[in-house]
Each structure stands twice: as C-alpha cells, then as structure tokens.
Amino acid sequence: MKQFNDTVEILKKKDFKQLNSFPLASFSFLLDFFPKKSVFFMSQNNLEELSFFLNERTEKDVVFLSSPRSSSVDFCFNFFDSFFRFSSHFLITHFPSVDYFFINEKNRNSFNIKVPQENSSCIVDSSFDYDGLTTRLRDLNYLHSSSLESGSFFCKGGTVGVCPYGSKKQYKVSFLEEVPKIFLLNREGFIKRGVSSFDIFPVQKENSVNLFSLLKKKHVFHYKNKSLCNKDFKRDFSKSFSFQKINFSSFVRNPPSSVKIKEKGGLQEFGLLFCGISFVPHWFVSSQKNTPIISDSFSKNEFVAGSIYVHEDFGLCSFLGLSGEEGFEKALLSFADGRISLDVSLLSKLYFYSQEKEGVSLSFLSKKGVWKNRVLRAKKQAEECVDFLKNTYIKKLSLKKIPSTYHRKDVDSFVSSFSFKDTPDQSSCWKEIVSDMCSPTPMNRLVCGDVGFGKTEIAIRSAYLSVLNGRGVVVLAPTTILTNQLYECFKERLYSFGVVVRALSRLQKNHKKTISSFLNNKTDVLIATHSVLFNLDVLKKCGLFIVDEEHRFGVKQKELICEINPLADYLALSATPIPRSMQFCVSKIRNFSLIKTPPTTRKPIISSVHFFDLKFIYSCIIKEINRGGQVFFVDNSVDKLSSLLTLFSHRFPGVVAKIVHGKLPPKEISSTMDSFVSKKTQVLFSTVIIESGIDIPSANTIIVNNSHLLGLAQLHQLRGRVGRSQIQAFAFFLIPSLSQTTNNGKKRLSSIVKNQRLGSGYSLSLNDLEIRGGGFLFGFKQSGFSSVGFEFYSKVLSSFLGSKEEEGECFVDCFNGFLPFSYIPDSGVRSHYYNSIFSCSSFFDLKKLRQNFLNSFGSLPLPVLNLFYNRALSLFGKRKGLFSLSQSKGFLVFSFSKETIDLHIDSFLVFVNSFFKKRGVEYSFKKRDSFLNLQCNFKDVNYLFIRRFIKRLPL
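For the sequence shown, our numbering begins at 13 and goes up steadily by one.
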C-alpha cells in the first residue's frame, strides 16, 4: 500500500521522471493524475488485461489502439478490435476534455486512428428544439438509421433517438411537450430514467497519422510489464475487486465504524474514498427509485426485406418491402414463379421463417396444392403429438396426489446450511417449487437458468423435501460425467442430513444392487443416466423426477415418466430450453421459473474467436497455468485430441495434461476426472463430453477447437464450464479458416462472442432459433428447419391447444387509415406497426399499442387514429359475429352471415328498425349468397355512432 501512496504523491507533483512501476490494475485509480491527452505504449497482452480493468472498474473515457492479431477473425466481435472506446457520464460531467490513449507498442510510428476535432462536441439539453438537434447531429456526421448504434440517430414523430459516438448508451429526446424531456434507455430500448442532458461527440473519419506528430507537446509513457512491482502485490490487488452486494439504504442507516484499505481483500466490502473521489462498485445502489420506470421502447421487430416468410395461404416467400403511394401501400412478396401485392391489413398472415435464403426453396403460386399438402401433413403430425402430450399433461393436472408437508424446522435448517446467499430469483424459484410440491396437483415445472446460476441447489432442496415426505427421488442426467458430478454435489449437501444418495451409470458397478436398494427404501436419491428409463419399477417408485439439462433428451424420453407415474412430481432444469418446452410453459401446460440473477461475485466470461495456431494455444494455456488455474481444451475428434496432447506434452513436459472421451473405459474416465477436479491435472483435453454440468472453480480458461462445427447451445454450455468463481475466465473459439466456416457457423460464433454478459443463455437460444429454425416442435426432433416454419407451427399448436375453435376475423374498412411516411419514415418499421395494429386481439393490447405510439412517435395524426378506429370496430364486430364493415358510395355496409341472423332474426329486426328510426337514418337489406347485408345512408361516418350500434346488436 505504501508503494501505491508513493506513486500517487509523485503523480500529484507531476514529477514523472521519478515515476516507478505500478500494478496494471491501479490504472483505474491513477488515471486522473496523468495529464490530459496522455499516451501509454504497452504490449498487446497488457492492453487486453487493462481493457478489462478499465471496462469493469472505472468510468473513464479512454481509447485503445491495437493491431489485430494475425489469428483474430474479421467477422466476429473480437474482444479487442482495432478501435475500442469506453464512455461514461462521469467523465463527461467532471473531465470533459480528458482523452487517454493506450497503444500497442509496436505501432509507435503510425496508426489508423480517428482524429478528434477540437471543440466539436456539444451538450444536448432542454434548450434544443427538434430541428436544431437533428441539424446538429447531421453536422457531426451522425447517420440517420432505423436502429440505434454508436454514431446514429432516428426520428419518430416528435421524438429523436440518439446513440452518441463512442458510446453504447442510448437516449431519447421527446419534443411532445413545451419543454423537451430527455430519457436514458436501457438495453431493450425501454425508458430507464430521466436525465437533464447528455454529450454527443462527432463521428470521426479514419486517417493514417504519425502519433508523435499528432501528440507532440503531450505526455508519452511506455509501460513495461516486466518492470511491475512484485507478483504478490499485483495478484492481491487484482483479487480485491470481488464485491458483495449490499443495500444502499441499510448502509447509510448503519455505516461501518471504520473503513480500512488493506492490500489483501481491501476493496471487497466498501469501495474506496480516495483524494476526494468516491470509487463506488456497481452493486452499490439505492433500493428507492425516485424516477419512475416507464414502459416504452423503440421497437426493432420490423419486417426485414430479403428475409423468408411463410404466407399461410401460399407458402414460403421472400419479403421485398412495402411499395405504393402513401395511404395505398402494399407488401411485395416474391414466390418461385411470380410476385403478389399483399394489403397491409393482411400482414398478420406472414410468419417469420429465416433470415437466410440459402437452402430454402420458395413456394409456387401456381402449385397451391403442394403447399396445402405440406400444411395438412404438419397439422396431422402436430395433432397426433399434441393429443399425446395433452392427454399426458392434462390428465396429470386432473389427478390428485397426497400433498407434501413442509417440515419448516428441518427444511429451513437445510436451506440455511447452503454456503452461499440465495439470489432473488433463486428464492422466488424455491418458493414456487415448495408451493407446487405442497399442492394436491402433481408438480410439472421447468426451471430455466444460465449455467452456474444455482439450478442444482434448487434441485437438491426439492429432493430433500421429497425425502422428508418419504418419497424416493430420481435424477436423470445426460452423461456419465455429469451423473458423477451431480452425485458428488447431492452427496456433499445431503449426507450430513441422513439422506442416502447413489449413482447409476456405466462408471459404477453392481447396478442390480443399486436398483434394489432404491426399491427397498434403502436409497433415497438415485442419480442415473437414461438407462434408468428402461426400469419401470424405479419409475413407478419415485415421488420426484428431476431432469437435468432437459434439452439433451428427446420428447418421448421425458414424457415416459408422466405416462408411467403421473402422480410423481416432475422438475426439469435447463439453461437453453428447446422451443417446444417454452411453448408449453407459455400455454400454461407446464409451470415456468426463470433464474436470471447471477451470483454476486460472478464475472462475464471474455470470449473471442481465433484461427487455429499452436503458438496461440500454448500461450493461452501457459498464461492460465501461471496464474494458478486449469484449462479445458475441447475438440470432438478423438484422433486430433490425442495428437495435440502428444505435441503439448512434448513441448511442456512439466505440465500435467490428460485426455478424456466417451470411448475410454469407465474407470479411466472416472480417475481422469477425479485427477482434474483435485487439481492434479492442469490441462484436460476432452470431447464435448464435459459440456454439461461440470463445475470446477479453478478451471478458468477453455479453448474450443473446430468451434464452427458445434451448435450455439453447445458453445454456450462449453463456455459455462469456466468462470464458476470470482476469477476472470476466458473462452477461446478456434476455427481452421474462413473458407471452411459456413455462414451459419460464422453467425453462431458471432453470436456467442457478442452475448458475453451474464445470463445471456436465453438470448442465445433465440439466436439459435433464428439461425437453424424451430424444428419439429410437436414431433420428436429438436432442431432443423421444419417444412412450414417455427412461427406458423406455433400458430398450429395454439389452435390445437385452444379450448375452442378460432373465431373468424371481422374485416373493417370504414375509415381511411394508414401510417404517413413523415410519421414513420422507415418502411420496415411501418410494416411492423401495420402488423402490430391488425394483430391486436384484445382492447387491452390495442390500448397498450396506442400508448406505445404516443411515447415513440408523438401525437397520432388522423390517418393513424383511423387505423385504430378500424381495428377497434373489428374487435367489436368479431364479438357479434359481424363478417365485414365497409364504406361504399356513401353507404355504410354491415355484412352478417345468414346463419348468425337466422338465430336472432326477430330481435335483430326490431333493434335495427328502432335504432335507425330514432336517428333518422335510412337503411335497407340485401341478400348475397350466404350473407345478409345491412346498408345505411350515413351523412357523416362517426366512430362512436358505429361502435354504439355494434355493441347493442342482440347477437
């Protein structure tokens, strides 16, 4: 600590010649003492490590300039790109002119950088008007776009969305009131809170310049890693950033009696007050929200030109966009043998299929029978499978079991023995499971939580509660290694409470004895692979059935237990649930719990993609070993693994490295894994056998070779094998070359690197769905493009699960409604909102959408109001069995089916005559085929008048 204070004193005096070395991590605290526009040259490795420190622990505005490694991949979001910028409101407010450069020491002479323009930034506040802000943004080279990215903006009605250049933050400026209001948006585009102002910087053009000429008269420093202070101090200082989450209000009410800063663990509890500046951790927040959270967002779900959609009547087509004059727009759809124009009111007939045209054959308009046959086959397959699932699940819902008793003293004692504090989501999930198990209805719940978020602890508690009620527990795991891992976890937690746990897999002997022990109540919890599904006696015996990594099992395997033992409680766990499982949760057939809060000490895993390079692989492994950690090296080819192990062992004979894969004898797999868990093995060369559930806190680097061949869920699961402690973890995904990587492979890798934040598993599942399709949602295949697409399949599922047949639409074209180009300029966004309006199925949805329009675009012009009037009348008409409502030649025409009218003919005629006679409106009836048309001669078409008539119809 003395060395740190000495460094501070030197920096205060600006006596830089006396400056000795200091830890890389301490840049977070010392940066303010360096002159503005300071430049630091350092190695690439130091740049990468420093970028983590500054990104996680300070809010400085700094620029990193590095030369991309020869092994980095251009298409992916590499952690360290050629230009990477962090921004913050802290620096903007307190040090608006500070601009620090951290540059690769190899690029001293020249580098392509974005040269800052002096005095060209400005502060956006309530003094701006609409035209002034948009003009200023264009002057600063901001790009007008439909979506917000760094250096872009867009206009919607009376609002302007801005993402300042060099920042990831998004702002919304509303000019809908006399005084403009400014809001900060969250990642999803919803309003987070109101702000008084924000800064915008000019979008710079890239020029090749000489750094020393650009930065002359500025301070230049050369940072050498080898001249750092002793390793112990550096290691201790780095570890000190493991903060615990506390409540701001309770902290203020009960402040600590003393605040100490010490070398080891010094910043773990209270942060740092240093030279008048408070360094407060991100977890230090107030529980009281003074600024209301407004539900408002800029929607990004617009129709994308060039993407493939399913038209429910004609099949697969390519969406080309909207065309036509304002007020008469049509959606252009391209099929294999022609194009059609679709009225915007019928956009709800389109269902997303894929963003990629590769491997997709468009349907023929001239061969409608082919598409109809595909739909019929899909419906038949869906109906058969849904009938089975409905009979199984709904039968389960109608059955009654003996409810579990919550033995409060015993259960609370067991829960309190957990060595970590529950996250809020864990607590909520546990309460829901207790409620299910203590209910007379058998539990059927899916728990979705990212890797390492505490699902296993929830399963262990459920097992304990079941055992207390005298019911056996079966835990199903997809692999032998995971079975063994779960066995150790369950045994460690349950043994001291008198619960007997046994495992059943090919790693264990005496299978018959183990099964017999469970059937004779000598074993309470049985953890097994899929082989247990073939033993009907075990399935009938269990009172609680837990499926870990449920996405790894087929539909029939998972539903077998419900068929054999419908009274058993069923609990499924998954980080990336398959679409079918999610659909049944949405449909209320299965209950759903989401654990999305990460443990307080967990850090995001830094992920990147590289070309295969032995030197790079060796470097990553040795770096991890040098910091006392362990490494996974994954390749699904056993031959390649063996070859790489031989090469590595020859190069580094002092490092203990072993191999594990499914073809090895059970004893060897078990001993190898035990050696790795006990830290006797430093590097484990493995196939994807380790992808599920392996929890080794000391393993914090994983290298995945030929990663382009793996699915997105697999990549995410493999990445989850590291980062299980408070130590920063790294995941490196290797590919042989760009030419050997398919477009979908590139998308998967780009997605896995982009989604590095904690809790991104669900987002990755959605990305995976877009990349490879929804699959046979109701059948027994988990992925692959289905013949009619995931969204259309979902509609079919809803129709089969619904308790009543889908009602027909009421087509209304009474008022001239459309979305003006000036109101929503982007055609993709317009098409989305057309679809949103005509897809509203309730007045609540329509009201919510209208509020969204007001928040996003401003007051509704008459054409937009007319759209909402038409849709509202359609919903009213649908309730009354009205087929259509239109305006033609000065007449308002109500069209009813004769079948509907015949049931209420007398009361209908009396009401119509009375209603129009009182108002002096002429009317007449006309019969057309199976419809009865009511023609009214209205002088002024009035929405309230028409609504009143429809609502009072005696139908």
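Think of the CB as a built atom: it goes at the ideal place given N, C-alpha and C, for glycine as much as any other residue. These figures come from a predicted structure and were not determined experimentally.
1) Are the segment 156-171 and the segment 864-880 in contact at 8 Å, needing three or more beta carbon pairs?
2) Looking at the secondary structure, which residues open and close the beta strand (DSSP E) in which His323 lies?
3) Does Asp151 come out as helix, strand or coil in the three-state DSSP assignment?
4) Can you tell me where the beta strand (DSSP E) with His662 in it begins and where it stops?
5) What residue range is occupied by the uninterrupted beta strand (DSSP E) comprising Asn945?
6) For a minimum of 3 consecutive residues, which ranges assigned as the beta strand (DSSP E) are wholly contained in the segment 135-184?
7) Grab me the residues of Lys193's own chain with a C-beta within less than 6 Å of its C-beta, minus the 5 sequence neighbours each way, in chain order.
8) Count the other C-beta atoms from every protein chain shown that fall within 10 angstroms of the C-beta of Phe76, then say buried if there are 16 or more, exposed otherwise.
9) For Ser586 and Gly466, what's the separation of their Cα atoms in angstroms?
10) Is the separation between the beta-carbon of Phe823 and that of Ser868 shorter than 7 Å?
11) Give me, in chain order, the residues of the same chain whose beta-carbon lies closer than 7 Å to that of Pro966; leave out the 5 immediate sequence neighbours on both sides.
12) Return the Cβ separation of Val643 and Ile715 in integer angstroms, given the expectation that the two are a contact with Cβ distance under 8 Å.
13) For Lys892, which option in Phe928, Arg964, Glu338 and Pro578 has the closest C-alpha, if you only look at C-alpha atoms?
14) Nearest-angstrom Cα distance between Ile320 and Leu956?
15) Give me the DSSP bridge partner(s) of Val537.
16) Could you name the residues of the same chain whose beta carbon sits closer than 6 Å to that of Ile445, not counting the 5 residues immediately before and after it, in chain order?
17) For Gly878, tell me which candidate among Asp825, Phe950 and Lys524 has the shortest Cα-Cα distance.
18) From which residue to which residue does the beta strand (DSSP E) around Phe869 run?
19) When you compare only the Cα positions, how much space is there between Cys460 and Pro610?
20) Using only the alpha-carbon positions, how far apart do His673 and Thr435 sit?
21) Give every residue of the same chain whose Cβ lies closer than 7 Å to the Cβ of Leu968, excluding the five residues on either side of it in the sequence, and list them in chain order.
22) Within a Cβ cutoff of 6 Å, which residues of the same chain sit near Thr526, ignoring the five residues on either side of it in sequence?
23) Taking the runs of the alpha helix (DSSP H) that are 4 residues or longer, which of them lie wholly in the segment 667-735?
24) Would Phe530 and Leu538 be called neighbours here (beta carbons separated by less than 7 Å)?
25) I think Gly333 touches Leu344, with their Cβ atoms under 8 Å apart; what is that distance to the nearest whole Å?
26) Please return the same chain residues whose Cβ sits closer than 8 Å to the Cβ of Gly640, not counting the five positions on each side in sequence.
27) Alpha carbon to alpha carbon, how far is Asn1 from Lys939?
28) Are Ala471 and Ile558 closer than 7 Å when you measure CB to CB?
29) What does a CB cutoff of less than 7 Å around Ser687 pick up in its chain, not counting 5 residues either side in sequence?
30) Return the CA-CA distance between Gln899 and Ser907, expressed in angstroms with no decimal places.
31) Since His542 and Leu506 are thought to touch, with beta carbons under 8 Å apart, how far apart are those beta carbons, to the nearest angstrom?
32) Could you have a look at Ala584 and say whether DSSP puts it in helix, strand or coil?
33) Assign Lys759 to one of two classes, buried (16 or more other C-beta atoms within 10 Å of its C-beta) or exposed (fewer than that).
34) Between Phe426, Leu498, Asp437 and Gly482, which has its C-alpha nearest Thr509's C-alpha?
35) Skipping 5 residues on each side, what residues in its chain have a beta carbon closer than 7 Å to that of His156?
36) With contact counted as at least three CB pairs below 8 Å, one residue from each stretch, are the segment 334-353 and the segment 381-399 in contact?
On the basis of the coordinates in this document:
1) yes
2) On the sequence shown, residue 323 is found 311 positions in, with the first residue counted as 1. Element bounds for His323: Ile320 to His323.
3) Your numbering for residue 151 matches position 139 in the sequence shown. If DSSP states are grouped into helix, strand and coil, Asp151 belongs with the helices.
4) Stepping through the sequence shown from its first residue, residue 662 is reached at position 650. Element bounds for His662: not the beta strand (DSSP E) but the alpha helix (DSSP H), Val650 to Arg663.
5) As a working mapping, residue 945 is identified with position 933 in the sequence shown. Asn945 -> beta strand (DSSP E) spans Phe943 to Cys948.
6) 164-168 and 171-175
7) As a first step, residue 193 must be located in the sequence shown, where it is residue number 181. If we look at Lys193 and ignore the five residues flanking it on each side, its Cβ neighbours are Ser186.
8) Against the sequence shown, residue 76 aligns to sequence position 64. Any reading at Phe76 needs caution, since the residue's pLDDT is 49, under 50, leaving its predicted position unreliable; the model's value is listed next. It is buried - the Cβ of Phe76 has at least 16 other Cβ atoms within 10 Å.
9) Here residue 586 refers to the residue found at position 574 of the sequence shown. Here residue 466 refers to the residue found at position 454 of the sequence shown. Approximately 11 Å between the Cα atoms of the pair.
10) Along the sequence shown, read from residue 1 onward, the residue named residue 823 stands at position 811. Along the sequence shown, read from residue 1 onward, the residue named residue 868 stands at position 856. No, Cβ-Cβ distance for Phe823 and Ser868 is not below 7 Å.
11) For the purposes of this step, residue 966 is taken as the residue at position 954 of the sequence shown. Correct list, in chain order: His916, Ser919, Phe920 and Phe923.
12) Residue 643 sits at position 631 when you count from the first residue of the sequence shown. Residue 715 sits at position 703 when you count from the first residue of the sequence shown. Contact holds; Cβ gap of about 7 Å.
13) In the sequence shown, counting from the first residue as 1, residue 892 sits at position 880. Comparing Cα-Cα distances from Lys892 to each of Phe928, Arg964, Glu338 and Pro578, the minimum goes to Arg964.
14) Residue numbering aside, residue 320 sits at position 308 when the sequence shown is read from its first letter. Residue numbering aside, residue 956 sits at position 944 when the sequence shown is read from its first letter. Taking the straight line joining both Cα atoms gives about 40 Å.
15) Along the sequence shown, one-based indexing puts residue 537 at 525. Bridge partners of Val537: Val485 and Val513.
16) Mapped onto the sequence shown, residue 445 falls at position 433. The beta carbon of Ile445 lies closer than 6 Å to those of Ser474 in the same chain, with the five residues before and after it left out.
17) Locating residue 878 in the sequence shown gives position 866, where the first residue counts as 1. Per the sequence shown, the amino acid found at residue 878 is Asn instead of Gly. Among Asp825, Phe950 and Lys524, the Cα nearest to that of Asn878 is on Asp825.
18) Residue numbering aside, residue 869 sits at position 857 when the sequence shown is read from its first letter. Run containing Phe869: none in the beta strand (DSSP E); it sits in the alpha helix (DSSP H), Phe855 to Phe869.
19) Locating residue 460 in the sequence shown gives position 448, where the first residue counts as 1. Locating residue 610 in the sequence shown gives position 598, where the first residue counts as 1. Cα-Cα distance, rounded: 13 Å.
20) As a position in the sequence shown, residue 673 is number 661, starting the count at 1. As a position in the sequence shown, residue 435 is number 423, starting the count at 1. Going from the Cα of His673 to the Cα of Thr435 covers about 35 Å.
21) The shown model of the chain, from 13 to 967, leaves out residue 968, and the question about it has no answer.
22) Reading the sequence shown from its first residue, position 514 is the one you call residue 526. The beta carbon of Thr526 lies closer than 6 Å to those of Arg514 and Leu516 in the same chain, with the five residues before and after it left out.
23) 678-689 and 724-731
24) By one-based count along the sequence shown, residue 530 stands at place 518. By one-based count along the sequence shown, residue 538 stands at place 526. Yes; because the gap between Cβ atoms is below 7 Å, this pair is in contact.
25) Here residue 333 corresponds to residue number 321 of the sequence shown, with the count starting at 1. Here residue 344 corresponds to residue number 332 of the sequence shown, with the count starting at 1. Contact flag correct, Cβ pair sits at about 6 Å.
26) Indexing the sequence shown from 1 puts residue 640 at position 628. Ser710, listed in sequence order.
27) Outside the displayed range of the chain (13 to 967) lies residue 1, so it cannot be described from this structure.
28) One-based indexing of the sequence shown puts residue 471 at position 459. One-based indexing of the sequence shown puts residue 558 at position 546. Against a cut-off of 7 Å, the Cβ pair of Ile558 and Ala471 comes out as a contact.
29) To locate residue 687, count along the sequence shown from 1; it is residue 675. Here the set comprises Lys670 and Thr693.
30) Position 887 of the sequence shown holds residue 899. Position 895 of the sequence shown holds residue 907. So the two alpha carbons sit approximately 11 Å from each other.
31) Walking along the sequence shown from the start, residue 542 turns up at place 530. Walking along the sequence shown from the start, residue 506 turns up at place 494. Their Cβ separation, rounded to whole angstroms, is 23 Å, which puts His542 and Leu506 out of contact at 8 Å.
32) Start at 1 with the first residue of the sequence shown, and residue 584 comes out as number 572. Of the three classes helix, strand and coil, the one that applies to Ala584 here is strand, per DSSP.
33) Residue numbering aside, residue 759 sits at position 747 when the sequence shown is read from its first letter. Classification of Lys759: buried, given that the 10 Å Cβ count is 16 or more.
34) If you number the sequence shown from 1, residue 509 lands on position 497. The sequence shown places Phe at residue 509, rather than the Thr named in the question. Ranking Phe426, Leu498, Asp437 and Gly482 by Cα distance to Phe509 puts Phe426 first.
35) As a working note, residue 156 is residue 144 in the sequence shown. Answer for His156: Phe165 and Phe166, listed in chain order.
36) no
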